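K.L.:
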Amino acid sequence: NSSPVHHPDWVAEVHATQYLQSWSKQGGRPRVITGAEGSWFWDSNGKRYLDFQSQLVNANMGHQHPRIVEAIKEQADRLCYIGPAMGCDVRSELAALVAEITPTNLTSTFFTTGGAAANETAVRLARHYTGRSKIVARYRSYHGATGGTLSLTGDPRHHLTRADMPGVVRMLDPYCYRCPAGHEDVKTCPICRGGPHLEEILMYEDPNTVAAVILEPVVGTNGIIVPPDGYLESIKATCEKYGILLIADEVMAGYGRTGKWFAVDHWDVQPDILTSAKGINSGYVPLGTMSVSAEIANWLKDNALPGGLTYAGHPLACASGVAAIRAMDDEGALENATRLGEIMREELRAMMQRHPSLGDVRGLGMFNGIELVRNQETREPLVPFGAKGDAAAPMPAIMKAAMEKGLYLSFYNNIVRLTPPLNISEHDMRHGLSILDEVLDIADSETR
Ligand code: PLP
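Residues in the sequence shown are numbered from 5 upward in steps of one, following full-length UniProt numbering.
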């Protein structure tokens, strides 16, 4: 990569003093990153890091993929921007491509600048389409940082709205490792079966007031929670029974992350609306999508879309999306994610014998997580949910040790997310796991 424009010390200083960073207390001096390629990035000291996180779980095809970079350059030469109402070849090409790979009932797509804008529009559209106001959303969820989507978000960050969007109703999660109802058997658990729990909520809320259920088919940020088979089918059937729309938030799970184009494909569930962002173009240019069913698309012929953005269908973003999807397809990225994901979970399960702190291994494709515990039997989490300060200390200590050894990881409470690029090599993946194996000793020292 080319040499940096500014001295790294200056970059770090301005970052700490004049740049405001997402979700953080300000003032920390960052590592200054000067380049990246494939599954690796490196800092101004030349130290290399294996990106086991794909940044914000968006670099699905890794860094600086030549085909995506080239498509952006070509499009910049041809046409950088044209308003959303104008016809534009890459915009139409991406809309057609998205319709081809999303579930067959979804025909038409609104492009956004990211996941939050996609969800915000989806919820507003669901309210207009149904004429109802309530939205059912789950606790272990993240849907974005706009007013509406942060209110839909169940994780504690939603407290930061100070005044939630009205009409959000909460549903519990099919989090079988720590079943919210204390059940051991999925078959008898109304929450993990999905429909029965939703039915009970609707009984109290009145289904005629509920516009949509929004959920991450596989939960991402909040702990890589894969629902048991039958869960999504059951939620979808319950929604259909009452004329409630199902919105699948595939912002993190979509575009090959789980080894299929979309997580819902694992269960052949057809949501009425599907939102995406991140992996659609590996994050090279801001882009999100809201795809709707033929019925909704038809309704939109007589009713205006209740939403819009200056950058809806931005040509640079669309060009990068087309290139990324074609590259994923041509290069077998989904197949690689499926194959290596299975190896990864197998290796991690083997590590459970050596590491008493390794409580659970779960995931699909390259969307994997491990739970760190103080005791495998009792499943007491290594750090309590929402812990701060000293109580939370072991997790950042593990991340820091991994970073020092050149492995970039992320965590949420006691859960470590393992989400490398879909096209990572087996060699690099095993290298990352070997570093994880070493740093888990830190967690082991906290077990009892
Ligand atoms: N939905 C999910 C499932 C996400 O993981 C995220 C981001 O992490 C969002 C929505 C918000 O997307 P964005 O940050 O692009 O607005």
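Cβ atoms here follow ideal geometry from the backbone N, Cα and C, with glycine treated the same way. Small disclaimer: the values here were computed from a predicted structure and weren't measured.
In three-state terms, what does DSSP make of Glu41?
P.N.:
Here Glu41 sits in strand by DSSP.
K.L.:
Enumerate in chain order the residues of its own chain whose CB-to-CB distance from Gly227 is below 7 Å, with the five nearest sequence positions on each side excluded.
P.N.:
So the qualifying residues of the chain are Arg144, Gly373, Tyr416 and Ile419.
K.L.:
If we count Cβ pairs, one from each stretch, closer than 8 Å, do we get three or more for the stretch 294–308 versus the stretch 259–269?
P.N.:
At 8 Å Cβ cutoff, the stretches do not touch.
K.L.:
Can you say whether Asp189 is buried or exposed, counting buried as having 16 or more other CB atoms within 10 angstroms of its CB?
P.N.:
It is exposed - the Cβ of Asp189 has fewer than 16 other Cβ atoms within 10 Å.
K.L.:
Taking the beta strand (DSSP E) that Thr111 belongs to, which residues open and close that run?
P.N.:
Counting along the chain, the beta strand (DSSP E) containing Thr111 begins and ends at Leu110 to Thr116.
K.L.:
Applying the 10 Å Cβ sphere with the 16-neighbour rule, what's the burial state of Lys392?
P.N.:
Exposed, by the Cβ-count rule.
K.L.:
Indicate the three-state DSSP secondary structure (helix, strand or coil) for Asn372 in the structure shown.
P.N.:
Three-state DSSP puts Asn372 in a strand.
K.L.:
Any heavy atom of the ligand PLP within a distance shorter than 6 Å of the CB on Asp253?
P.N.:
Yes, the ligand PLP has a heavy atom inside 6 Å of this Cβ.
K.L.:
Is the separation between the beta-carbon of Gly311 and that of Ser280 shorter than 7 Å?
P.N.:
Cβ distance not < 7 Å, so Gly311 and Ser280 don't count as in contact.
K.L.:
So, for Thr111: in the same chain, excluding its five sequence neighbours on each side, which residues have a beta-carbon less than 6 Å away from its beta-carbon?
P.N.:
Once the five neighbours on either side are set aside, the close Cβ partners of Thr111 are Ala103, Ala298 and Ala301.
K.L.:
According to the neighbour-count rule (16 or more other Cβ atoms, all chains shown, within 10 Å of its Cβ), is Met90 buried or exposed?
P.N.:
With fewer than 16 other Cβ atoms within 10 Å, it is exposed.
K.L.:
Would you say Gly283 touches the ligand PLP, meaning its beta carbon is less than 6 Å from a heavy atom?
P.N.:
No - the ligand PLP has no heavy atom lying nearer than 6 Å to the Cβ of Gly283.
K.L.:
Count the CB pairs spanning the stretch 41–57 and the stretch 271–289 that are closer than 8 Å, and state whether there are at least three.
P.N.:
These segments do not touch.
K.L.:
Are Leu386 and Glu450 closer than 7 Å when you measure CB to CB?
P.N.:
Contact flag set, yes.
K.L.:
I need the DSSP call for Trp27, collapsed to helix, strand or coil.
P.N.:
DSSP places Trp27 in coil when its eight states are reduced to three.
K.L.:
In whole angstroms, what is the alpha-carbon distance linking Lys409 and Thr117?
P.N.:
Using only the alpha carbons, I get a separation of about 35 Å.
K.L.:
If I follow the unbroken alpha helix (DSSP H) through Leu206, where does it start and stop?
P.N.:
Run containing Leu206: Gly199 to Glu209, per the alpha helix (DSSP H) assignment.
K.L.:
Between Ser414 and Phe56, what straight-line distance do the alpha-carbon atoms span, to the nearest angstrom?
P.N.:
Roughly 8 Å between the two C-alpha positions.
K.L.:
For Leu320, collect the residues of the same chain with a Cβ closer than 7 Å to its Cβ; drop the 5 residues on either side in sequence, then sort them by chain order.
P.N.:
The answer, listed in chain order, is Ile76, Gln79, Ala80, Cys84 and Val289.
K.L.:
So for Met90, helix, strand or coil by DSSP?
P.N.:
Three-state DSSP puts Met90 in coil, outside helix and strand.
K.L.:
How close, in whole Å, do the beta carbons of Gly198 and Ile239 come, if the pair is a contact with beta carbons under 8 Å?
P.N.:
Rounded, the Cβ-Cβ distance is 4 Å, consistent with contact.
K.L.:
Indicate, with yes or no, if the ligand PLP has a heavy atom lying under 6 Å from the CB of Tyr146.
P.N.:
Checking the Cβ of Tyr146 against the ligand PLP gives yes.
K.L.:
Answer yes if the stretch 331–348 comes into contact with the stretch 363–378, meaning at least three C-beta pairs across the two stretches below 8 Å, and no otherwise.
P.N.:
Because the criterion of three Cβ pairs below 8 Å is met, the stretch 363–378 and the stretch 331–348 touch.
K.L.:
CB of Met256 to nearest heavy atom of the ligand PLP: below 6 Å?
P.N.:
Yes - the ligand PLP has a heavy atom lying nearer than 6 Å to the Cβ of Met256.
K.L.:
Please report how far the alpha carbon of Leu309 lies from the alpha carbon of Glu203, in whole angstroms.
P.N.:
C-alpha separation (whole angstroms): 30 Å.
K.L.:
Answer yes or no: do Met256 and Val9 have a C-beta to C-beta separation smaller than 7 Å?
P.N.:
No, Cβ-Cβ distance for Met256 and Val9 is not below 7 Å.
K.L.:
In the DSSP assignment, find the alpha helix (DSSP H) that holds Arg349 and state where it starts and stops.
P.N.:
Its alpha helix (DSSP H) spans residues Ala337 to Arg358.
K.L.:
Would the beta-carbon of residue 465 fall within 7 Å of that of Ile329?
P.N.:
The structure shown does not extend to residue 465, since the chain is modelled only from 5 through 452, so no value can be given for it.
K.L.:
Should Glu124 be counted as a contact of the ligand PLP given a C-beta to heavy atom distance under 6 Å?
P.N.:
Glu124 Cβ: outside cutoff for every heavy atom of the ligand PLP.
K.L.:
Per the DSSP calculation, Arg421 is bridged to which residue(s)?
P.N.:
Paired residue(s): Gly373 and Ser414.
K.L.:
At what residues does the alpha helix (DSSP H) containing Ser280 begin and finish?
P.N.:
Ser280 -> not in any alpha helix (DSSP H); beta strand (DSSP E) instead, spanning Ile277 to Ser280.
K.L.:
Quick check on this structure: which residue in Ser26, Ala99, Tyr23 and Leu362 has the alpha carbon closest to the alpha carbon of Ala447?
P.N.:
Closest by alpha carbon: Leu362.
K.L.:
Pick from Gln68, Asp269 and Tyr179: whose alpha carbon is nearest that of Thr108?
P.N.:
Answer by Cα proximity: Asp269.
K.L.:
Quick check on Ser429: does DSSP put it in helix, strand or coil?
P.N.:
Coil at Ser429, not helix or strand.
K.L.:
Which of helix, strand or coil does DSSP assign to Leu309?
P.N.:
Leu309 falls in the coil class under three-state DSSP.
K.L.:
With 16 other CB atoms within 10 Å as the buried threshold, where does Val282 fall?
P.N.:
A small correction: the amino acid at residue 282 is Lys; Val does not occupy that position in the sequence shown. So Lys282 counts as buried.
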